[in-house]
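Colleague: One structure, pasted below without further comment.
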Amino acid sequence: MRPESAPNYLAAYPAALAEKVQQLIDQRTLAGHLLQKYPLAHSVRNDRALYEFVSEAKGRYLRNTGSLSRVAFDSTLHVERRALGMHTTISRVQGGGLKSKREIRVAAVFREMPVAFLQMIVVHELAHFKEAQHNKAFYQLCLHMEPDYHQFEFDLRAYLTWLAATDEPLW
1 MRPESAPNYL AAYPAALAEK VQQLIDQRTL AGHLLQKYPL AHSVRNDRAL
51 YEFVSEAKGR YLRNTGSLSR VAFDSTLHVE RRALGMHTTI SRVQGGGLKS
101 KREIRVAAVF REMPVAFLQM IVVHELAHFK EAQHNKAFYQ LCLHMEPDYH
151 QFEFDLRAYL TWLAATDEPL W
């Protein structure tokens, strides 16, 4: 069994961009750039606060998608396995109707990150309630809910690359 290599969080981006991020990591300047852009971690520290944070975003953009049953930070989701968040919908027959439960779980690593990164993962998981696949409509919905979605996703991926290379959290 061979050892697992660090995940390539920037694999979907142009090679030149990934190389630039790697240079900033090697020069130990990426942390400064990220801290300048995102100086503080958010204050959402527990599941109740996360539920309120997600419910507020859902109420603003996806009022007609049914209620959320549960929202929680999940320490079993591992960034190394590319699981930053997870959404589930369980439907079952109850009486004469169909009852559905919707859950969102967010990787515990997001407890200590800037609000922009938390907002990005929440928007991503909420978008899955309307669009199951990562297609054009999915990303358009993400951009509708968070106009800076793509920039936040790239910065998060750069930070995760930093974290994998140095094991030094910034927030």
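First residue of the sequence shown: 1, per the UniProt record's numbering; consecutive thereafter.
Cβ atoms here follow ideal geometry from the backbone N, Cα and C, with glycine treated the same way.
From a predicted model like this one, the values you see are computed outputs, not experimental measurements.
Count the C-beta pairs between the region 128-137 and the region 10-24 that are closer than 8 Å, then say yes if the count reaches three, no if not.
Modeller: No contact exists between the region 128-137 and the region 10-24.
Colleague: Quick check: what's the CA-CA separation for V109 versus L40?
Modeller: Roughly 15 Å between the two C-alpha positions.
Colleague: E125: buried (16+ other C-beta within 10 angstroms of its C-beta) or exposed?
Modeller: The residue is buried, with at least 16 neighbouring Cβ atoms inside 10 Å.
Colleague: Can you say whether D155 is buried or exposed, counting buried as having 16 or more other CB atoms within 10 angstroms of its CB?
Modeller: Label assigned to D155: buried.
Colleague: Where are the alpha helix (DSSP H) runs, 4 residues long or more, that stay fully inside the region 6-47, in chain order?
Modeller: Qualifying alpha helix (DSSP H) stretches, in chain order: 15-26, 30-37.
Colleague: Among all the DSSP beta bridges, which residues are the ones paired with K136?
Modeller: Beta-bridge pairing links K136 to no other residue.
Colleague: To the nearest angstrom, how far is it from the Cα of Y149 to the Cα of R63?
Modeller: Their Cα atoms are separated by approximately 20 Å.
Colleague: In chain order, what residues of the same chain have a beta carbon less than 8 Å from the beta carbon of L68, not counting five sequence neighbours either side?
Modeller: If we look at L68 and ignore the five residues flanking it on each side, its Cβ neighbours are Y51, V54, S55, K58, R102, E103, I104.
Colleague: Just mark L141 as buried or exposed, buried being the case when its beta carbon has 16 or more other beta carbons within 10 Å.
Modeller: Classification for L141: buried.
Colleague: Can you tell me which of the three DSSP states E146 falls into?
Modeller: Correct three-state label for E146: coil.
Colleague: I need the DSSP call for G95, collapsed to helix, strand or coil.
Modeller: Looking at G95 - three-state DSSP - the assignment turns out to be coil, as it is neither helix nor strand.
Colleague: So, using beta-carbon positions, are L34 and Y159 closer together than 8 Å?
Modeller: In contact: L34 and Y159 (Cβ atoms closer than 8 Å).
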